[in-house]
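>
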Amino acid sequence: MNLMKPFFLILLLCLPAHSEILRLSLVVPEAGEGITKFEISRGEIKETIFVKDQAIVTTADVAEARPSLTRDDSVSVSLTDKGGEKMFEASKAMRHGIDRIAIILEGKLISAPVVNDTLGKNFEISGLNEPDEPKKLAARLSGK
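Residue numbers (my numbering): 2 to 145.
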């Protein structure tokens with residue numbers, strides 16, 4: 002009798018639901034199948050955001066991440082070639098100045114900026130307010 006199969010199944014069931022550190026997904030106008038509802042607050046303003054569950058890119062697409070050299074609250078992210086292609090294709094199809102991409106860190110929506118141009122391999126995640134947060138996030142995205 003093979004006891005390994007049940008063990009692996011139990012192990013998979015015990016993993017956290019949001020094992021991805023980073024996920025970028027499209028923001029859509031309304032709820033539906035394959036869509037998750039998030040609440041985001043900026044000061045006293047609260048906004049409901051609907052985000053596709055399907056990712057454009059995830060942590061697996063990150064080639065390198067490091068604290069930004071120009072902003073204290075940011076992480077500079079470089080994607081793999083394949084990740085850059087996925088980001089380029091998704092943002093090329095978007096309506097620039099209108100459509101948004103959700104930036105989700107460990108299952109929490111941190112931002113949903115409007116896409117103003119076609120994106121590629123390199124971008125920054127900003128709005129990280131804790132003192133060591135950019136350094137810690139960069140290390141985690143880089144697998145350190």
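Backbone N, C-alpha and C define an ideal beta-carbon position, used for all residues, glycine too.
For the alpha helix (DSSP H) holding Ser92, just list the boundary residues, first then last.
That run of the alpha helix (DSSP H) goes 82-93.
> Do you know how far the Cα of Ile105 is from the Cα of Lys137?
Whole-angstrom Cα-Cα distance: 16 Å.
> Taking Cβ positions, are Leu23 and Leu142 nearer each other than 8 Å?
Against a cut-off of 8 Å, the Cβ pair of Leu142 and Leu23 comes out as a contact.
> Could you name the residues of the same chain whose beta carbon sits closer than 6 Å to that of Gly85, not counting the 5 residues immediately before and after it, in chain order?
So the qualifying residues of the chain are Gly121, Lys122.
> Name the residue from Gly44, Asp82, Lys53, Val52 whose alpha carbon lies nearest to the alpha carbon of Ala61.
Closest by alpha carbon: Asp82.
> When DSSP labels each residue in this structure, what does Leu12 get in the three-state scheme?
Here Leu12 scores only 33 on pLDDT, less than 50, and its place in the model should not be relied on; the value that follows carries that caveat. Reduced to three states, the DSSP call for Leu12 is helix.
> Sorted by chain position, which residues of the same chain lie with C-beta nearer than 7 Å to Phe89's C-beta, five sequence neighbours on each side aside?
Correct list, in chain order: Thr119, Leu120, Gly121.
> Relative to the alpha-carbon of Arg101, which residue among Ala91, Pro132, Glu107 has its alpha-carbon at the smallest distance?
Arg101 has its Cα closest to that of Ala91, out of Ala91, Pro132, Glu107.
> Would you grab the beta carbon distance between Ser77 and Glu125 for me? Rounded to a whole angstrom, and I think it's under 8 Å.
Indeed, because the Cβ distance is near 5 Å, the residues count as touching under 8 Å.
> Between the Cα of Ser112 and the Cα atoms of Phe51, Glu31, Glu21, which residue gives the shortest distance?
Among Phe51, Glu31, Glu21, the Cα nearest to that of Ser112 belongs to Phe51.
> Smallest Cα separation from Arg72: which of Ala140, Glu134, Gly144?
It is Glu134 whose Cα lies nearest to the Cα of Arg72.
> Which term fits Ile57, buried or exposed, when burial requires 16 or more other beta carbons within 10 angstroms of its beta carbon?
Classification for Ile57: buried.
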